[in-house]
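Working notes for the structure below.
There are 4 protein chains.
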Amino acid sequence: MHTMKNNRAKVGIIGGAGYTGQELVRLTYGHPRMELVWVTSESGAGKRVPGTALTFDPVASVDFGSVDLVFSCLPHGASGEWSLRARAAGPRVVDLSSDLRSGEGGAVYGLPELWREDVRGAELVGNPGCYPTGVQLGLAPALRASLVDTGRPIIVDAASGVTGAGLTPKREYMFGEVAEDYRAYGVGNAHRHVPEMARGLARAAGGEAPPFVFTPHLLPVRRGILETMYVPLRERIPADALASLYREHYADEPFVELFDGELPSLRHVNGRNVVAIGFADVNVDPPVVLVVAALDNLVKGAAGQALQNANLMLGFDEREGIPA
Amino acid sequence: MHTMKNNRAKVGIIGGAGYTGQELVRLTYGHPRMELVWVTSESGAGKRVPGTALTFDPVASVDFGSVDLVFSCLPHGASGEWSLRARAAGPRVVDLSSDLRSGEGGAVYGLPELWREDVRGAELVGNPGCYPTGVQLGLAPALRASLVDTGRPIIVDAASGVTGAGLTPKREYMFGEVAEDYRAYGVGNAHRHVPEMARGLARAAGGEAPPFVFTPHLLPVRRGILETMYVPLRERIPADALASLYREHYADEPFVELFDGELPSLRHVNGRNVVAIGFADVNVDPPVVLVVAALDNLVKGAAGQALQNANLMLGFDEREGIPA
Amino acid sequence: MHTMKNNRAKVGIIGGAGYTGQELVRLTYGHPRMELVWVTSESGAGKRVPGTALTFDPVASVDFGSVDLVFSCLPHGASGEWSLRARAAGPRVVDLSSDLRSGEGGAVYGLPELWREDVRGAELVGNPGCYPTGVQLGLAPALRASLVDTGRPIIVDAASGVTGAGLTPKREYMFGEVAEDYRAYGVGNAHRHVPEMARGLARAAGGEAPPFVFTPHLLPVRRGILETMYVPLRERIPADALASLYREHYADEPFVELFDGELPSLRHVNGRNVVAIGFADVNVDPPVVLVVAALDNLVKGAAGQALQNANLMLGFDEREGIPA
Amino acid sequence: MHTMKNNRAKVGIIGGAGYTGQELVRLTYGHPRMELVWVTSESGAGKRVPGTALTFDPVASVDFGSVDLVFSCLPHGASGEWSLRARAAGPRVVDLSSDLRSGEGGAVYGLPELWREDVRGAELVGNPGCYPTGVQLGLAPALRASLVDTGRPIIVDAASGVTGAGLTPKREYMFGEVAEDYRAYGVGNAHRHVPEMARGLARAAGGEAPPFVFTPHLLPVRRGILETMYVPLRERIPADALASLYREHYADEPFVELFDGELPSLRHVNGRNVVAIGFADVNVDPPVVLVVAALDNLVKGAAGQALQNANLMLGFDEREGIPA
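Residue numbers (the working numbering), protein chains in the order written: chain A, 602 to 925; chain B, 602 to 925; chain C, 602 to 925; chain D, 602 to 925.
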């Protein structure tokens with residue numbers, strides 16, 4: 602690492618013109634211990650990076666070696682390659698795409714609330730996906746405590762705002778096609794995020810992943826994810842007992858909010874770097890408990906979590922520069 | 602019944618100023634074999650019934666005996682009572698509230714696609730709820746064919762537009778509280794519609810209701826319901842085989858649309874009197890199949906279905922006056 | 602014209618997969634005196650035309666001579682050319698683009714409420730734009746009565762839903778860019794529709810067009826146009842007197858709705874083939890009166906009006922097949 | 602004033618449960634030189650103030666004398682009275698309602714960008730309304746430079762998100778009534794904010810207010826105001842020359858953003874304490890120039906501006922605690 606001047610790390614962002622990139626620009630620009638040095642965008646090259654004094658550079662023109670840490674927000678497919686190229690030039694790298702999440706290139710999976718020690722001081726991190734963040738944080742404590750009946754699948758019925766699909770113009774994400782509609786997509790465990798979830802749940806369960814079904818839906822909102830999870834239990838456990846267990850598990854976590862009695866909704870997490878988790882009893886037999894997780898897909902589901910990881914990689918306080 | 606002049610039945614609507622009432626006014630007003638004679642509303646009394654030449658009357662001032670059939674769109678609680686009062690005065694009655702759905706006052710449950718013969722010629726009908734319509738039509742063929750593993754609960758994850766909650770001003774339904782939000786409510790099988798679903802599923806199963814979990818969510822859209830149902834199967838059945846079974850079951854139904862390959866969304870059913878049903882394989886063990894039902898809560902989930910029932914009660918073609 | 606079998610005219614639609622095309626398919630398909638024979642779409646070729654038993658054809662494969670009337674819903678630029686090519690093959694043609702609105706190819710401008718006789722029996726019609734329909738119907742009676750002070754510009758502040766921009770994917774019309782936003786565009790009388798408005802206002806004024814400023818805005822709604830017009834008056838005229846004048850002017854028009862006391866909004870016109878017009882006094886000097894026009898951009902602003910024109914061209918009742 | 606411990610002023614908020622109150626809680630809670638001591642709400646009494654460790658108190662139970670400054674966010678009518686009562690107990694007071702905006706009780710009108718010196722050290726301030734903030738900041742430089750032709754009215758066509766109407770449940774602000782609609786209200790200069798605008802414009806003009814027409818519309822968005830202003834000019838002035846004049850006028854203002862070439866929209870100001878102003882030439886005669894102002898009704902239109910005023914009243918840097 603460079604010798605940080607004034608205790609500030611120099612950072613660069615590859616692919617900073619999309620929704621996630623914009624959020625990351627905003628967060629790093631206001632970060633007390635980071636100095637945003639460059640932001641790349643091919644389509645935006647030469648234009649002002651909104652909210653900053655910088656101008657977008659084409660990726661080919663930046664010197665990766667000039668910074669201490671690089672964030673890559675390119676689309677899946679391209680991002681992993683550029684992340685490795687950047688890493689080879691020296692700086693630590695957080696890749697926000699799904700390319701490095703299963704350890705490609707020696708990358709560490711960066712979900713601090715579950716596996717913080719992996720991230721501390723790491724040089725290359727695969728930043729978790731938005732849906733998998735809620736699923737893993739919402740199910741891990743129950744799995745670690747062996748409460749889940751793995752003979753029945755966990756059902757994860759999820760809904761996301763459209764910024765999760767990025768800024769590339771596609772007919773299915775046009776206002777006229779999304780407003781006043783609600784639809785399932787990527788059904789049958791076909792979503793790109795399913796293998797990532799399976800790996801995470803297996804690790805939390807300390808063995809095989811429990812069977813689960815993941816069904817995402819597209820919501821007519823800009824941002825936010827709500828995951829309604831139907832968890833089969835070995836034995837009936839009251840929702841408030843489960844809440845206590847989670848409260849203990851996440852006792853010192855600044856970015857997990859546990860709800861008592863009521864359930865979180867998108868409103869509670871908008872613009873904030875938190876996963877909010879609530880619980881509800883279900884009157885059915887064999888027993889099932891409802892776990893609802895809400896997060897902002899662009900913050901705790903992307904840029905905010907990337908900042909947690911970057912802070913840990915650089916030896917800063919994990920909460921540094923992350924708005925409560 | 603009155604001798605119908607010109608083959609037209611005289612009809613009246615109690616509580617016609619709300620969302621369901623407005624839809625029913627629209628449909629009956631354009632009905633080739635109905636003549637809308639009066640519409641009541643306490644709050645709207647004296648004002649024009651939108652889209653018609655009529656004026657809202659207070660309910661106390663109308664003569665129930667002057668019509669052949671009455672629709673009651675009052676809120677739950679009041680509607681059943683007024684329906685029975687109207688019935689006592691002579692006309693046939695369709696109650697759109699939940700008050701008579703379990704047979705109170707001798708009412709017949711009016712879901713024609715499953716139990717049409719009950720409705721034909723009936724004098725008092727309890728019109729199904731919006732959520733239960735999709736659940737029953739979406740699950741009945743599988744239950745009748747004994748495909749469902751009743752040792753595991755069916756999960757019904759549902760989402761509805763806000764017109765389902767009516768026009769009474771409440772803080773939770775204000776635009777500022779609903780837009781950009783998405784939230785679960787009435788969780789844990791606590792929703793008013795759960796007993797109605799249980800009765801219907803039991804009847805379709807020919808015995809006890811299978812265990813199920815119903816979780817409604819509030820969508821930031823005006824109208825439409827999507828129900829994503831996770832159906833545990835005794836043995837794995839491909840989605841297309843299930844689709845064939847449903848196709849046979851609903852072969853002659855004008856108001857059921859079965860999807861092949863893709864899944865229905867709110868867009869497909871907006872303003873139309875149909876339930877659209879689609880199927881998807883899920884790669885999980887033990888086996889589960891996905892059944893997705895979409896309907897317009899104000900049409901097939903309320904006013905349109907009420908018209909199907911009224912047509913059957915009056916001896917008309919069931920499709921009369923119902924826009925395709 | 603072909604000898605119409607069963608009194609039905611055969612019609613075809615060029616470019617029927619977009620928003621306007623879909624609406625026109627819906628309306629012609631249910632028209633009692635039209636038979637929809639083919640619908641073209643390059644991108645949709647081979648797929649089902651939604652809501653019909655037809656399949657989209659590529660434009661090159663249809664026989665224009667096989668129908669009595671062709672509607673062209675192609676984008677501006679291409680539409681005029683195809684309209685003339687279709688016309689050359691025999692059928693009457695309604696071009697919904699802006700290409701023929703100033704009389705190119707001998708086309709007649711089809712705004713029946715103002716210049717109906719031009720349209721009756723015409724062979725080629727340029728169908729008015731959505732914004733110009735509201736502006737012309739909202740201002741013509743005042744201009745014809747010489748009430749407007751042409752020494753001050755009329756201000757037309759307009760807002761439209763996004764379906765007005767069509768289905769072609771563009772970043773600026775993505776849900777994430779439109780929701781929770783509201784923005785002016787095409788300002789400074791730069792909008793493509795301004796010359797069309799100027800021609801119409803000049804004709805209504807019986808001379809030169811009055812000076813006017815037209816500012817469109819993009820609304821986060823799917824459909825509907827609201828035009829708030831600030832009309833400078835020679836002398837103060839109360840809004841209700843103006844309303845009376847308009848009521849007389851449009852006395853026999855089935856597709857103009859005049860409001861008394863209140864003002865129309867998008868809700869009133871959604872899905873309907875009407876222009877709704879309201880008036881309000883403004884307490885200011887020199888005198889100004891407010892005229893507000895609302896219409897559904899896809900119906901009275903496009904497909905519904907095209908059907909009015911087609912009915913007139915074919916000698917049918919102008920209201921035939923147009924939902925009230 | 603109390604001796605401020607640690608350089609922090611103690612503040613209280615009357616009526617802190619509404620939209621404006623919530624925003625003010627958020628801003629004061631994170632303010633480096635303020636300590637939020639109590640927040641009142643009758644309906645919320647006893648419940649947690651969201652995002653804080655405080656509990657809502659009924660207004661009768663708080664000691665106004667315990668703080669250095671009170672913000673009142675009560676509805677118009679009640680707010681002025683409570684502001685004066687609070688003031689009598691010692692603390693400085695910022696009233697966010699319209700009750701004190703014309704100087705009642707000796708209050709100063711708090712629009713710092715135009716009349717900052719009035720506010721510095723003031724003891725009682727009437728905080729400007731959301732619409733008037735944009736109108737005054739958007740028109741004052743042109744009026745001060747005597748560019749406006751006062752023989753023709755300025756037209757202000759404005760649109761606001763629904764949070765401007767507060768949290769009290771009313772039918773017209775229900776999601777089902779606002780979504781997919783757009784409507785004018787308070788037309789004919791009947792809006793409560795018109796006299797406030799007139800006073801401000803008169804003061805900026807250094808004499809009488811120019812004639813103007815103000816027409817607000819309700820947008821289906823949560824927050825944000827866009828004001829499209831048609832300004833009659835004595836002589837034609839290019840938009841960029843006007844922009845230069847404004848740039849000079851607002852040279853040192855941290856909360857005014859001037860746009861070059863493009864126009865601001867709601868997106869640019871969401872959640873931020875700024876008025877964004879843009880300009881466009883209009884090709885019309887007699888000359889008119891377009892001035893478009895955008896602001897967040899809850900921030901620069903309410904809570905953020907209140908904080909500017911409080912900072913000035915308490916002798917702090919005006920920008921303290923206000924997010925850029």
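All C-beta atoms, glycine included, are put in the ideal place defined by N, C-alpha and C.
| query | result |
| --- | --- |
| For residue 813 of chain D, the nearest candidate out of D/871, D/691, D/756, D/684 (CA to CA) | D/756 |
| Any chain D beta carbon closer than 9 Å to residue 926 of chain A | The structure shown has nothing for residue 926 of chain A, since chain A only spans 602 to 925. |
| Interface flag, residue 868 of chain A vs chain B, CB-CB below 9 Å | yes |
| Rounded separation between residue 842 of chain C and residue 896 of chain C - CA only | 23 Å |
| DSSP state of residue 632 of chain C mapped onto helix, strand, coil | coil |
| Inter-residue spacing [alpha-carbon to alpha-carbon] between residue 689 of chain A and residue 797 of chain A | 25 Å |
| Contact test: residue 924 of chain A Cβ vs the ligand NAD heavy atom, cutoff 8 Å | Absence of the ligand NAD from the depicted structure is noted, as is the absence of any ligand whatsoever, leaving it without description. |
| Candidates C/723, C/721, C/705, C/738: closest to residue 714 of chain C by CA position | C/738 |
| Residue(s) in a DSSP beta bridge with residue 818 of chain C | C/760, C/785 |
| Contact the stretch 809-826 of chain A vs the stretch 758-766 of chain A: 3+ CB pairs below 8 Å | yes |
| Residues in the stretch 884-899 of chain C having any Cβ partner in chain D nearer than 9 Å | 884, 885, 886, 887, 889, 891, 893, 895 |
| Rounded Cβ spacing between residue 893 of chain A and residue 785 of chain B (contact assumed at less than 8 Å) | 6 Å |
| Under 7 Å from the C-beta of residue 764 of chain D: neighbouring residues of chain B | 777 |
| Beta carbon of residue 854 of chain B nearer than 9 Å to that of residue 732 of chain B | no |
| C-alpha gap between residue 886 of chain B and residue 636 of chain A, whole angstroms | 50 Å |
| The stretch 766-774 of chain D contacting the stretch 769-785 of chain B, beta-carbon criterion three pairs below 8 Å | yes |
| Coarse secondary structure for residue 927 of chain C, derived from DSSP in three states | This structure cannot settle anything about residue 927 of chain C, because the visible part of chain C is limited to 602 through 925. |
| Residue 861 of chain A burial status per 10 Å Cβ neighbour count (16 or more: buried) | exposed |
| Classification of residue 793 of chain D by the beta-carbon crowding that lies within 10 angstroms, buried from 16 upward | exposed |
| Same chain, Cβ closer than 7 Å to residue 649 of chain A, five either side skipped, listed in chain order | 656 |
| C-alpha gap between residue 906 of chain C and residue 734 of chain C, whole angstroms | 9 Å |
| Straight-line gap, residue 615 of chain B to residue 709 of chain D (C-alpha atoms, nearest Å) | 55 Å |
| Helix, strand or coil at residue 742 of chain A [DSSP, three-state] | helix |
| Closer than 7 Å at the beta carbon, the chain B residues around residue 882 of chain A | 789 |
| Residue 656 of chain A, DSSP secondary structure in three states | strand |
| At least three beta-carbon pairs within less than 8 Å, the stretch 656-674 of chain C to the stretch 640-647 of chain C | yes |
| Residue 727 of chain A vs residue 702 of chain A beta-carbon contact at 9 Å | yes |
| Where the alpha helix (DSSP H) through residue 772 of chain A begins and ends | No alpha helix (DSSP H) holds residue 772 of chain A; DSSP gives it neither H nor E. |
| Chain-ordered residues of the stretch 735-759 of chain A with a beta carbon less than 8 Å from chain B | 752, 753, 754, 756, 758 |
| Neighbour flag for residue 910 of chain D against chain C, beta carbons, 9 Å | no |
| Residue 774 of chain D at chain C interface by Cβ criterion, 9 Å | no |
| Test: residue 627 of chain C CB closer than 9 Å to a CB of chain A | no |
| Alpha-carbon spacing of residue 602 of chain C relative to residue 787 of chain C, whole angstroms | Because the pLDDT of residue 602 of chain C is 48, which lies under 50, any placement of that residue in the model is unreliable, and the number read from its coordinates should be weighed accordingly. Whole-angstrom Cα-Cα distance: 41 Å. |
| Paired residues, beta bridge with residue 882 of chain D - DSSP | D/890 |
| Extent of the continuous alpha helix (DSSP H) to which residue 776 of chain D belongs | 776-779 |
| Test: residue 822 of chain C CB closer than 9 Å to a CB of chain A | yes |
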